[in-house]
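Engineer: Chains as they are written, first to last, in my numbering: chain F, 515 to 1015; chain B, 2 to 149.
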Amino acid sequence: MKTYLPTQFVVERRADRCIQCQVCVRQCSFDANYYDAEDDEVRSRDEKCVGCHRCVTFCPTGALTVRKNPLEYRPNCNWTAETIEDIYKQAESGGMLLTGMGNDKSYPIYWDHLLLNASQVTNPSIDPLREPMELRTYLGRKPDRVEIDPETLSLKTKLTPQVAIEVPVLFSAMSYGAVSLNVHESLARAATEAGTLFNTGEGGLHKKLYKYGNNTIVQVASGRFGVHAEYLNAGRIVEIKIGQGAKPGIGGHLPGEKVSPEVAATRMIPAGTDALSPAPHHDIYSIEDLSQLIYALKEATNYTKPISVKIAAVHNAAAIASGIVRAGADIVAIDGLRGSTGAAPKVIRDNVGIPIELALASVDQRLRQEGIRNQASIIAAGGIRSSADVIKAIALGADAVYIGTAALIALGCHVCQQCHTGKCAWGICTNDAVLSKRINPEIGAERLVNLLRGWSLEIKDMLGGMGVNALESLRGNRLALRGVGLTDTELDILGVRMAGS
Amino acid sequence: MKQILARPEFCVDCRLCQVHCQVEHSRSKDMVKAFKREATRPVARLRVEREGAESFAVSCRHCAEPVCVYSCLTGAMRKDPITGVVSVDSQKCAGCWTCLMVCPYSAVAQDKNQHRVVKCDLCPQLKTPACVANCPNKALILLEDKQS
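(1) Apply the 10 Å Cβ neighbour rule to Tyr106 of chain B and answer buried if 16 or more other Cβ atoms are within range, or exposed otherwise.
(2) Counting only Cβ pairs nearer than 7 Å, list the residues of chain F close to Cys15 of chain B.
(3) Answer yes or no: does any C-beta atom of chain F fall closer than 7 Å to that of Ala134 of chain B?
(4) Does chain B have any CB closer than 7 Å to the CB of Lys582 of chain F?
(5) In the DSSP assignment, the alpha helix (DSSP H) including Gln19 of chain B goes from what residue to what residue?
(6) Hey, Lys755 of chain F and Glu813 of chain F are a contact pair by Cβ (cut 8 Å); roughly how many whole angstroms apart?
(7) For Lys139 of chain B, which residues in chain A fall below 8 Å Cβ to Cβ?
(8) On the DSSP letters alone, give me the boundaries of the beta strand (DSSP E) that Ile848 of chain F sits inside.
(9) Quick check on Val59 of chain B - is its C-beta less than 7 Å from some C-beta in chain F?
(10) Nearest chain B C-beta to Val773 of chain F closer than 7 Å, yes or no?
(11) Going along the chain, which residues of its own chain have a beta-carbon closer than 7 Å to the beta-carbon of Ala743 of chain F, five neighbours each way excluded?
(12) Lys37 of chain B touches chain F at which residues, Cβ-Cβ below 7 Å?
(13) Can you give me the C-alpha to C-alpha distance between Thr597 of chain F and Gly990 of chain F, rounded to a whole angstrom?
(14) If we ignore side chains and look at the alpha-carbon of each, how far apart do Gly926 of chain F and Arg568 of chain F end up?
(15) Drop a sphere of 10 angstroms on the beta-carbon of Gly938 of chain F, count the other beta-carbons inside from all chains shown, and report buried for 16 or more, exposed for fewer.
(16) Under 9 Å Cβ-Cβ, which residues of chain F neighbour Ala131 of chain B?
(17) Please classify Pro9 of chain B: does DSSP put it in a helix, a strand, or coil?
(18) Assuming the contact rule is C-beta atoms closer than 8 Å, Gly766 of chain F and Gly896 of chain F should be a hit. Round their C-beta distance to whole Å, please.
(19) Within the continuous beta strand (DSSP E) that includes Glu55 of chain B, where are the two ends?
(20) By how many angstroms is the C-alpha of Glu960 of chain F removed from the C-alpha of Gly936 of chain F?
(21) Would Ala793 of chain F pass as an interface residue toward chain B - the criterion being a Cβ-Cβ separation below 7 Å?
(22) Answer yes or no: does any C-beta atom of chain F fall closer than 7 Å to that of Met32 of chain B?
(23) Is it buried or exposed, Leu995 of chain F, if we count other Cβ atoms within 10 angstroms and call 16 or more buried?
(24) So Leu630 of chain F is in the beta strand (DSSP E); what residue range does that whole segment cover?
(25) Just the C-alpha distance for Ala858 of chain F and Ser543 of chain F, rounded to the nearest angstrom, thanks.
(26) Contact between the region 687–698 of chain F and the region 943–952 of chain F: three or more CB pairs below 8 Å?
(27) Does the Cβ-Cβ distance between Leu653 of chain F and Ser891 of chain F come in under 7 Å?
(28) Whether or not the region 715–729 of chain F and the region 1003–1012 of chain F are in contact is what I'm after, with contact meaning three or more pairs of Cβ atoms, one per stretch, closer than 8 Å; do they touch?
(29) Taking three-plus beta-carbon pairs below 8 Å as touching, is the region 636–652 of chain F in contact with the region 815–832 of chain F?
(30) In chain order, what residues of the same chain have a beta carbon less than 6 Å from the beta carbon of Val741 of chain F, not counting five sequence neighbours either side?
(31) If we count Cβ pairs, one from each stretch, closer than 8 Å, do we get three or more for the region 138–147 of chain B versus the region 7–15 of chain B?
(32) Could you check where the alpha helix (DSSP H) with Gly958 of chain F kicks off and where it finishes?
(33) Determine whether the beta carbon atoms of Ile957 of chain F and Ala875 of chain F lie at a separation below 7 Å.
(34) Examine chain F for any beta-carbon lying closer than 7 Å to the beta-carbon of Ser149 of chain B, and answer yes or no.
(35) Taking its Cβ as the centre, do 16 or more other Cβ atoms sit within 10 Å of Trp593 of chain F, making it buried, or is it exposed?
(36) Near Val59 of chain B, which residues of its chain fall below 8 Å by C-beta distance, leaving aside the five closest residues on each side in sequence?
Here's what the structure looks like:
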């Protein structure tokens, strides 16, 4: 069938700079550049370009640039180019539209409507270059009250497992299978070096990475891929994945083409078969069922590891989080509307869930009202882009945040949303033997550690500016935030006052 | 002595090593000029080999037992006793291609324009050879043995 889809990008090549070296030809995994031997000339097939900039970045003479195809439809606020082209795609394929990455729609980003405070005159700010700043965070259930033996001055209260992280940023769940082993290794090595944690996602943990177990969150999802006693005990935290911000209410789907022998061995499934995780956990239909799984995992790990429960931010997130805490979870992870994915139906990614800022504020508020906020740490996820977002999330009540897309961008991701094709030109969201070599874990880990270091320095600077020397002093302190451009209802849900008030 | 180690597990077959090798061995050392204006395009001293998913850059190993030196008819090939670098004197090279045939790594290249062989000289003017310095994925690394 002839496609009616127009070309999305135009590859522009400066003839005065192109040396016909064909680096662009070999780097494009979408076949958008080719070499015409007869004319000794490198040319482009614009219609195949996805705008990932791999060729642009690798061109040694800077001869290339990629532009959006300037083609215009008649202006129409209702029938935008995206709406029209989605219909073309479905008229031609008859299927659901699949996509990758997170929601790219223009829903409000509340981080950009929240502003931080700073000390002036009446309360001194602190210079982090001269004074120690504390970012260390402990994840896990905190006791209701602390008892100290008056004679020995030691702690009488028995603490449940606590996990210390040196920077309140963890790497989100991205499964081996969706991403390559080199990406997993980059994340694991970076987490180990930076003193934080990476999350295996639902595809198990490759044997090669067990040595990074102390900095690993092992995930148990509805498909139970790669879950066994050794795996559970290899990690520092066990996370039950109920939902994912990019696709609340549905399970994962790893196509058989991505299930290589190594992925298959790690997931404990036959090679080449589709790895489908059911939408729900078939043994969890209530909070009581969830509690059973939480305690089964606690038993399996001999009560040595905090159990996290991850949900997508949905309308009743606050009430659900309350149930999760009461079910015995030590950590609640909430993944917002802008959370990313390796593959999801576009309609779900773009229309289901609520923004993390609102979910986080309402969960924190609800747990405080019920007097159980101390019983679980909160991890906010889905759309954390910068150290400013991190510190605002902490002030809104998060103990730590997950970053997924930001971490992948550090590795080279250009957010071209082709994750679901398995052809990632940056070698990230693919298990193709040629492409996955493009991530060298030595370089990957270094880039991730650099990112975390940069963010830590910025967080310390912002904390110092507010006159506090520990992240703990800011956690849940919404007076450190003011809103701009928000309605009274939004301010009310965020628990934040209007700037100027 | 210095040696270039190729790591096939990280080679992405971009062949930027070849491009930068050519530029480093060009007259102008300017990438656009070297490729577009110089009368003879320089020959790369190393070559990326690819078979399926496997690829890596093959360059001279500067062998301890350099068969190219032993077999050279004109004495153009020599191994520096101090640095260990195997180099070719282009004035003496007769273009008989004997070294090319005996090299177990096929690491000697033919410059057909000049009718002589060219080979990796580890970029004596640079601290790090151009191919290593410009490999985007650390698939080529420089090993330096301090003993000799």
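Every residue, glycine too, gets a C-beta built ideally from N, C-alpha and C.
Structural biologist: In terms of the structure at hand:
(1) exposed
(2) Val537, Arg540, Gln541 and Phe572
(3) no
(4) no
(5) Leu17 to Glu25
(6) No, Lys755 of chain F and Glu813 of chain F are not in contact; Cβ-Cβ is about 19 Å, not under 8 Å.
(7) Among the protein chains in the structure shown, which are F and B, there is no chain A.
(8) Ile845 to Asp849
(9) no
(10) no
(11) Ala814
(12) Ile533
(13) 40 Å
(14) 9 Å
(15) What sits at residue 938 of chain F in the sequence shown is Cys, not Gly. Buried.
(16) Chain F residues near Ala131 of chain B: none, gap ~11 Å exceeds 9 Å.
(17) helix
(18) Wrong, their Cβ atoms sit about 16 Å apart, outside the cutoff.
(19) Glu55 to Val59
(20) 25 Å
(21) no
(22) yes
(23) buried
(24) Leu628 to Leu630
(25) 21 Å
(26) yes
(27) yes
(28) no
(29) no
(30) Val734
(31) yes
(32) Pro955 to Gly979
(33) no
(34) Because the pLDDT of Ser149 of chain B is 46, which lies under 50, any placement of that residue in the model is unreliable, and the number read from its coordinates should be weighed accordingly. So, not an interface residue.
(35) exposed
(36) Ala7, Leu47, Arg48, Val49, Glu50, Tyr106, Ser107 and Ala108
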